[in-house]
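Novice: In the UniProt record's numbering, the protein residues as written are 1 to 171.
Even for Gly, the Cβ is constructed at its ideal location relative to N, Cα and C.
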Amino acid sequence: MNGEQEIQKAYQALLDNDFEQAIDCFEQAVRRDPLNADFHYKLSISCARSGKLKKALAHARDALRLAPNDEVYLLHSRNLKAKSLMQQAGKFLKEGKNEQHKAIRLLKEAVILDPLFFEAFILLSVSYDDLEDYTMALKSVHEALKLNPADETAQTLRAEYENKLKAFLHR
């Protein structure tokens, strides 16, 4: 069986909601044709959707290495890298206030890689809030609201940060 046949099997597995089987088939396709950037890309997408971010990133990088001028592969790779940075930032945030600056650095990098990453802007705003930097918290939540104006959490955070900033300025 060639790589394209494995891809068709993977698509059928996706239609059957058998995501692990789909990943297995995409992996078979990659093994049969390791220089096919599209196979790596498709495997990466399935891994990302299944929560296998590390594996997804590796295959996204392989796709980009094999086809460095492909805009779709570049965008996909950047989005996955941004998600990875956000996960790392989340770990720092769980460690407490001493790690906030590291988390903020990672989150700022994440939103540069993916300027449409709503969740990263929200987490960035919460990180600034934890440091009592209400101006930056407000700026970050405003960026999130540009992406999703109807989000209730972001609206609540904006109001909270506005109140905190007013209280801080009137001390």
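1) Going by alpha carbons, who is nearest to glycine 51 out of Asn148, Arg61, Leu75 and Gln87?
2) Work out the CA separation of lysine 55 and asparagine 69 for me, nearest whole Å.
3) Could you tell me the alpha carbon to alpha carbon distance between leucine 106 and tyrosine 161, rounded to whole angstroms?
4) My guess is that serine 125 and leucine 157 are in contact by the Cβ rule of under 8 Å, so how many angstroms apart are they, rounded?
5) Ignoring anything shorter than 3 residues, give me the beta strand (DSSP E) runs that lie fully in the segment 26-63, in order along the chain.
6) Is it right to say leucine 35 is buried, meaning 16 or more other beta carbons lie within 10 angstroms of its own, or is it exposed?
7) Residue ranges of each alpha helix (DSSP H) run of no fewer than 4 residues wholly in the segment 101-156, ordered along the chain?
8) Rounded to the nearest angstrom, what separates isoleucine 45 and histidine 170 at their Cα positions?
9) Could you check which residue in Asp18, Arg31 and Ala63 has the C-alpha nearest to that of arginine 49?
10) I'd like the span of the alpha helix (DSSP H) that includes glutamate 71, first residue to last.
11) Which whole-angstrom value is the C-beta distance of alanine 37 and alanine 82, which I expect to be below 8 Å?
12) Taking Cβ positions, are aspartate 114 and arginine 78 nearer each other than 8 Å?
13) In chain order, what residues of the same chain have a beta carbon less than 8 Å from the beta carbon of asparagine 2, not counting five sequence neighbours either side?
Specialist: From the atom records:
1) Indexing the sequence shown from 1 puts residue 51 at position 51. Looking at the Cα atoms, Gln87 is the closest of the given residues.
2) Along the sequence shown, one-based indexing puts residue 69 at 69. Along the sequence shown, one-based indexing puts residue 55 at 55. Roughly 22 Å between the two C-alpha positions.
3) The count along the sequence shown starts at 1 and reaches residue 106 at position 106. The count along the sequence shown starts at 1 and reaches residue 161 at position 161. Leucine 106 and tyrosine 161 have their C-alpha atoms spaced approximately 22 Å apart.
4) If you number the sequence shown from 1, residue 125 lands on position 125. If you number the sequence shown from 1, residue 157 lands on position 157. Confirmed, Cβ separation roughly 6 Å.
5) none
6) Counted from its first residue, the sequence shown places residue 35 at position 35. A residue is called buried when at least 16 other Cβ atoms come within 10 angstroms of its Cβ; leucine 35 does not meet this threshold and is exposed.
7) 118-130 and 134-147
8) By one-based count along the sequence shown, residue 45 stands at place 45. By one-based count along the sequence shown, residue 170 stands at place 170. Their backbone Cα atoms lie some 50 Å apart in a straight line.
9) In the sequence shown, the residue the question calls residue 49 occupies position 49. Of the candidates Asp18, Arg31 and Ala63, the one whose C-alpha sits nearest the C-alpha of arginine 49 is Asp18.
10) Stepping through the sequence shown from its first residue, residue 71 is reached at position 71. From DSSP, the alpha helix (DSSP H) with glutamate 71 extends over 71-94.
11) Counting from 1 along the sequence shown, the entry for residue 37 is found at position 37. Counting from 1 along the sequence shown, the entry for residue 82 is found at position 82. About 21 Å separates the beta carbons of alanine 37 and alanine 82, which is beyond the 8 Å limit, so they are not a contact pair.
12) Within the sequence shown, numbered from 1, the residue matching residue 114 stands at position 114. Within the sequence shown, numbered from 1, the residue matching residue 78 stands at position 78. Yes, Cβ-Cβ distance for aspartate 114 and arginine 78 is below 8 Å.
13) Counting from one through the sequence shown, the residue named residue 2 turns up at place 2. Once the five neighbours on either side are set aside, the close Cβ partners of asparagine 2 are Arg32 and Asp33.
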